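Residue numbers (this note's numbering): 3 to 396.
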């Protein structure tokens, strides 16, 4: 069976209420689909009007009432406000056999909800009816391709607007005059995506207590070149950090092997030479972990090729954003991290520690440049899929 591409758009209200992590956790853990792209949008009126054309409310359609509700909701909640203010939407692309049907089962019906909380809309959405059979309140939590509609037209519209309406939304949040927000980069690391799991959503949910705004998202397959540049500052500091521990371990091993005490100067000299080798090996391990590739054996022509493992890159914006996120993520070593921090809950050791966060506003800007959140991955992924499908169908 050929693979299908389908999308979930997380609504502005869901994002504003910090329900994003809960929604993502369910999408990743309750479906067998592969997440292939993620992007934040601030939809323009043009995007909204084009998207509405894919949700017709036909006169004799049994779903006419539902489609009318969706159309009214999108026009009111996705388009810019009367004063030009824009809303944030997180757009997620999934791939797999029967992707649209599977996403529909995970998301749930838009007006018939269950009190059990089985589906995303059961928990995070609402459709409240009056005694007269009219809808008093409607919040579908997320939008997906309507039942019975082919995904191609709506995918093509979102893809066409991805570069202009999406990317790094640093100018969307209406900050009061005089407030100077920061941006900080977060990477949810590859081990979190190594198997079907709710963990990525739980991590995002923990970050929600920082009172910050997600202004960029990107599913990243980090290349070797990107990883070496991204972790360049770590490379510079590793040798100094490891100097003492490496010297101590080398001295202990040599004294045990040869049965005599090494002079202090000799131990320091051996440790210093060995330290550089250990630091380089540690750095290669970091690059291998983040890319799935060994830098030493990667041909020059493939250094910029996408890595073999995935991570989710996010940008948070707000007052004192760097400090707040670093407090929530916890110490580099999960064993030393405070309780209820990301690394304490989800980390294993110094390298496999669930997430990365910028350590300064300057480094955040450097990391955002390397990741290149403005670069559109959604549009090309959609066009490539639709072109391949058209070729298969002749």
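The beta-carbon is built from N, C-alpha and C at its ideal position, and this holds for glycine as well. Computed from a predicted model, the values in this text were never measured in an experiment.
Taken atom to atom, the span from the alpha-carbon of residue 198 to that of residue 267 is near 52 Å. The Cβ-Cβ distance between residue 309 and residue 225 falls below 7 Å. Judged by pairs of C-beta atoms under 8 Å, the region 17-25 touches the region 200-207, as three or more such pairs exist. Rounded to whole angstroms, the Cβ separation of residue 280 and residue 181 is 45 Å, and the two are not in contact under 8 Å. Within 10 angstroms of the beta-carbon of residue 191 lie 16 or more other beta-carbons, which makes it buried.
Annotation for residue 306: no beta strand (DSSP E) segment contains it, and DSSP assigns it neither H nor E. Going by beta carbons, residue 253 and residue 264 fall inside the 7 Å limit. The DSSP assignment places complete beta strand (DSSP E) segments of no fewer than 3 residues inside the region 56-131 at 91-98, 128-131, in order along the chain. Under a 10 Å Cβ-count criterion, residue 159 is classified as buried, with 16 or more other Cβ atoms of the shown protein chains found around its own Cβ. Under the DSSP assignment, residue 273 falls in the alpha helix (DSSP H) whose first and last residues are 266-293. For residue 70, the closest of 347, 56, 214, 155 by C-alpha to C-alpha distance is 56.
Inter-residue distance for residue 8 and residue 35 is about 10 Å (C-alpha atoms, whole angstroms). Taking 4 residues as the shortest admissible run, the region 173-198 contains no complete alpha helix (DSSP H) segment at all. Taking the CA atoms as reference points, residue 207 sits about 12 Å from residue 214.
For the pair residue 95 and residue 38, the CB atoms are nearer than the 7 Å cut-off. Between the region 6-21 and the region 80-97, the count of Cβ pairs shorter than 8 Å is three or higher; the stretches touch.
In the displayed model, residue 41 falls within a strand according to three-state DSSP. For residue 144, the number of other beta carbons within 10 angstroms of its own is at least 16, and it is reported as buried. Going by DSSP, residue 381 is part of the alpha helix (DSSP H) stretching over 380-395.
Around the beta carbon of residue 136, fewer than 16 other beta carbons lie within 10 angstroms, which makes this residue exposed. For residue 12, the enclosing beta strand (DSSP E) stretches over residues 6-12. In this structure, residue 169 sits near residue 375, with a CB-CB distance shorter than 7 Å.
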